[in-house]
Amino acid sequence: MTAKRFLASLLACFAISIFGVVSTFAAEKPNLVVFICDDLGTLDTTPYGSTDVRTPNMQRLANEGLKFTQAFVASPSCAPSRAALLTGLMPARNGAEANHTRPKVELKKLPKYLQELGYEVASFGKVAHYGHGPEYGFDTVAGEGYQRYEGIGQAVNFLKERKSEKPLALFVGTNWPHVPWPEKSSYDPAKIKVPPEHFDTPVYRQSRTNYYEAVTKADDDLGQVLNVVEQQLDPKNTFVLFTSDHGAQLPFGKWNLYDAGMRVPLLAKGPGIKAGVKTEAMVSWIDILPTLVDLGGGAAPKEIDGRSFAAVLRGEKQSARDEIYATHSGDREFNVYPMRCLRTDKWKYILNLHPEFQYATHINRAAGRDSVDYFRSWESAAKNDPRAAEIVHRYKQRPREELYDIANDPHELKNLAEEPQHDSRLTEMRAKVAAWMKDQGDAGTVFDKPLLIGQ
């Protein structure tokens, strides 16, 4: 054999070897499973310290993986939050600012990124907002809709019957614990604890236990999915991510930029993730898209707002972001109250763009909901109880600026914005929010007719 032919043969063997490695690697792309709850408060779960509610499957996942203590959504309202996750862009940039709105059609969505990496991408239940799923380009969409709960069973059957050899990116969303909550609860109203930002009345206690029953239903749904994932997908090659789209539909939670609204549970397990550990790395829901792309072997896109935290999952880094920005605009005719915020590991700044508006939501305005009943019990108590009066006033009427020392005031009860010793911090955070809004092209739009103070 001539030297030339020998070299050609050697190169051919080398190419076969390389392509074989590439082919094997491609076949071993990890499966990606994302489970999303609807309206679940972080502190209303056992992994995050609750002793009032049973969430054994959430605890099981925390025991088997990594718990994020500083995870936040981009917007504490269903459609904007989910649009941010599925585009990797903040609401002003993706176009879904007010609730029930959609992101811009021309944007590249998460399913497309994963499909380009060879994934089959399926959505069951409430992943995108109601009825929006087909617009995101999933290969399979089923179980969407208000008060539709069949998505969990459909996801289970899909996994049991699936024949595809492609790696799978499976997104499953439960409608629990979104309202309407169950009318009967296995929890004792007399035994639960009332958060310091809420007022204690019998009607409220009953409503909260109904919410807890809904939380337990969400946990049951998670358990069904975890069980079938472990049966049907290789646990050594499957990442599982659990989270919620924002906080509970309780005062100062959903539709608010307090931590009760924007801080969410985030649990993850999979290859390279240590069991039973936690991280204080700050991450946002816009970071989930590039993280999944990164885990799937792709390059995290640079043109989006999100950043991959895959290195945090693998224990290679202990931090991700220094600052979190979040927005809220409104929910059609309810809570037309645009606000923006900046949160660090120790401080929170909230800018209420129109303090002349009354803050009013389904909680105190929507007829036929039990939340209205308990809020009315607060309003009734406020006639004679100064603390009830303070809570009701704080709920309905907000100052232009709010500043909280999160490290020492985690429930954000004491607004420090008018205290002179915090002037420099307030000025700095105000300027950062203004600059961020400008960079985002965020005009602070009012999307519907507001309710004014006194109305």
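When we follow this note's numbering, the leftmost residue of the sequence shown carries the number 129, and every step to the right adds one.
Cβ coordinates follow ideal geometry from the N, Cα and C atoms, glycine included.
By the Cβ neighbour-count rule, residue 248 is buried, with 16 or more other Cβ atoms within 10 Å of its own.
Taking residue 172 as reference, the option from 337, 576, 477, 234 with the minimal CA-CA separation is 337.
By the Cβ-count criterion, residue 378 is buried, with 16 or more other Cβ atoms from all chains shown falling within 10 Å of its own Cβ.
Two segments are said to touch when three or more pairs of C-beta atoms, one from each, lie closer than 8 Å; by this definition the region 180 to 200 does not touch the region 420 to 427.
Looking at the DSSP output, residue 449 sits in a beta bridge with 410.
Here residue 198 is buried. Its C-beta has 16 or more other C-beta atoms within 10 Å. DSSP places residue 477 in the uninterrupted beta strand (DSSP E) bounded by 475 to 480.
Per DSSP, residue 159 is one residue of the beta strand (DSSP E) stretching across 159 to 165. In this structure, DSSP gives residue 240 a helical state, which the three-state scheme calls helix. In its chain, beyond the 5 residues on either side, 163, 252, 253, 283, 353 have a beta carbon closer than 6 Å to the beta carbon of residue 300. Judged by DSSP secondary structure, residue 339 falls within the alpha helix (DSSP H) whose first and last residues are 330 to 360.
Counting along the chain, residue 499 sits inside the alpha helix (DSSP H) bounded by residues 498 to 510.
With fewer than 16 other Cβ atoms inside 10 Å of its own Cβ, residue 551 counts as exposed. 8 Å or more divides the Cβ of residue 454 from the Cβ of residue 435.
Boundaries of the alpha helix (DSSP H) harbouring residue 554: 551 to 568, taken from the DSSP string. Taken in chain order, the complete beta strand (DSSP E) segments of 3 or more residues contained in the region 205 to 274 are 248 to 253, 268 to 270. For residue 533, no alpha helix (DSSP H) encloses it; the enclosing beta strand (DSSP E) starts and ends at 529 to 533. Within the same chain, Cβ atoms closer than 6 Å to the Cβ of residue 217 are found at 432, 433, the five residues on either side in sequence being excluded.
A straight-line Cα-Cα distance of about 6 Å links residue 157 and residue 295. In the DSSP assignment, residue 370 falls within the unbroken beta strand (DSSP E) covering 366 to 372.
The criterion of a C-beta distance shorter than 8 Å is satisfied by residue 560 and residue 470. Distance from the CA atom of residue 174 to the CA atom of residue 184, rounded to whole angstroms, is 8 Å. The alpha carbon of residue 366 has as its nearest neighbour, out of 372, 358, 196, the alpha carbon of 358.
Between residue 206 and the set 315, 539, 224, the nearest pair of CA atoms involves 224. With respect to residue 580, residue 462 sits apart: the two C-beta atoms are not nearer than 8 Å.
Exposure of residue 308 is indicated by the presence of fewer than 16 other C-beta atoms within 10 angstroms of its C-beta.
Comparing alpha-carbon positions, the option among 416, 408, 534, 376 lying closest to residue 491 turns out to be 376. In the structure shown, the three-state DSSP call for residue 170 is helix. In the DSSP assignment, residue 301 falls within the beta strand (DSSP E) that extends over 296 to 301. Judged by pairs of C-beta atoms under 8 Å, the region 313 to 331 touches the region 494 to 505, as three or more such pairs exist. Rounded to the nearest whole angstrom, the C-alpha separation of residue 356 and residue 287 is 7 Å. Here residue 411 really is in contact with residue 437; their C-beta atoms are around 5 Å apart, less than 8 Å. Per DSSP, reduced to three states, the secondary structure at residue 419 is helical. Between residue 577 and residue 237, the alpha-carbon positions lie close to 31 Å from each other.
If you compare the alpha carbons of 373, 306, 395, 196 with that of residue 473, the shortest gap goes to 196. About 5 Å separates the Cβ atoms of residue 476 and residue 534, confirming a contact at the 8 Å cut-off.
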